[in-house]
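The next block holds one structure in the form of structure tokens; read it before the comments.
Given below as structure tokens:
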């Protein structure tokens, strides 16, 4: 039973345009959400997070939006750059567990 | 600051053999995690330590997997005996405190033949 779902295995976006990565969750007890970025042969690196008491958090080119009623969050990257090409994981914490629950990831490809 | 160190980077073993992975977290990080990432999946938590005590090992297959954290710093994860389905990347992560982001090592890629 997947509690964190990333339904798009891959996404291709032109350089300079906006990239939007989506994530859905089922556990209403999750109270903290994170996005991680992963390059091949490296571990995931933390990108941005949001608490369930907020609906938006922005850090430079990266913005995360949280819609609690829809149990949905999204990561916006504007403008997209070639170095953004990576696998992006959505993760959630809460529901009685301290560890993170991850989605399967979305492979973002930035086209020149 | 130095990142999370893991060794070895790669390991190939035959089924029914044993294997051990080592992790050195970021200095001062009290919480340490081991995750298993099977190809095409997201990382799955195996075990979480707070200092040298186990916080959560509910998803650790205890009949074959074991882990310890020596003196609240380094940690080892062992598999004995290995099965084909254990082929995965094993990621170690640490965090300064609860609710702070996890910092991951580069992982150990295990192939069981």
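Protein chains in written order, with this note's numbering: chain A, 15 to 126; chain B, 11 to 123.
For each residue, glycine too, the CB sits at the ideal point set by N, CA and C.
Note that the structure is a prediction, hence the values are computed from the model and not measured.
Let me see if you follow: with CB-CB separation under 8 Å, is residue i close to chain B or not?
i	result
residue 139 of chain A	A question about residue 139 of chain A goes unanswered here, because the residues of chain A that appear run from 15 up to 126.
residue 141 of chain A	Residue 141 of chain A falls outside the range modelled here, since chain A spans only 15 to 126, and no answer is possible.
residue 88 of chain A	no
Given this structure, state the Cα-to-Cα distance separating residue i from residue j, to the nearest angstrom.
i	j	result
residue 21 of chain A	residue 36 of chain A	8 Å
residue 25 of chain A	residue 49 of chain B	18 Å
residue 27 of chain A	residue 98 of chain A	10 Å
residue 120 of chain A	residue 81 of chain B	38 Å
residue 27 of chain B	residue 33 of chain A	45 Å
residue 30 of chain A	residue 50 of chain A	21 Å
residue 62 of chain B	residue 43 of chain B	12 Å
residue 101 of chain B	residue 17 of chain B	10 Å
residue 75 of chain A	residue 60 of chain B	34 Å
residue 113 of chain A	residue 95 of chain A	31 Å
residue 55 of chain A	residue 104 of chain B	19 Å
residue 52 of chain B	residue 91 of chain B	24 Å
residue 30 of chain B	residue 24 of chain B	14 Å
residue 46 of chain B	residue 76 of chain B	13 Å
Going by DSSP, what residue range makes up the beta strand (DSSP E) through residue i?
i	result
residue 62 of chain B	Residue 62 of chain B -> no beta strand (DSSP E), and no H or E assigned at all.
residue 79 of chain B	75 to 79
residue 38 of chain A	33 to 39
residue 16 of chain B	15 to 17
residue 81 of chain A	76 to 81
residue 46 of chain A	44 to 52
residue 107 of chain A	100 to 108
residue 61 of chain A	59 to 65
residue 122 of chain B	118 to 122
residue 86 of chain A	86 to 91
residue 72 of chain A	70 to 73
Using a Cβ-Cβ cut-off of 8 Å, state whether residue i counts as contacting chain A.
i	result
residue 55 of chain B	yes
residue 111 of chain B	yes
residue 10 of chain B	A query on residue 10 of chain B cannot be resolved here, the shown segment of chain B reaching from 11 to 123 and no further.
residue 46 of chain B	no
residue 66 of chain B	yes
Short of 6 Å in beta carbon distance, which residues of its chain neighbour residue i, apart from the five on each side in sequence? Order them along the chain.
i	result
residue 106 of chain A	18, 39, 44, 47, 115
residue 121 of chain B	22, 97
residue 106 of chain B	39
residue 20 of chain B	119
Output needed for residue i: all residues of its chain with C-beta closer than 8 Å, excluding positions within five of it in sequence on either side, in chain order.
i	result
residue 13 of chain B	36, 113, 115
residue 52 of chain A	58, 59, 100, 101, 102, 103, 119
residue 69 of chain A	79, 80, 81, 82
Please confirm whether any heavy atom of the ligand NAD lies closer than 7 Å to the CB of residue i.
i	result
residue 31 of chain B	What this structure holds is no ligand at all, so the ligand NAD is not there to describe.
Step through the CB atoms of chain D and report whether any lies within less than 8 Å of the CB of residue i.
i	result
residue 61 of chain B	Protein chains A and B are contained in the structure displayed, whereas chain D is not.
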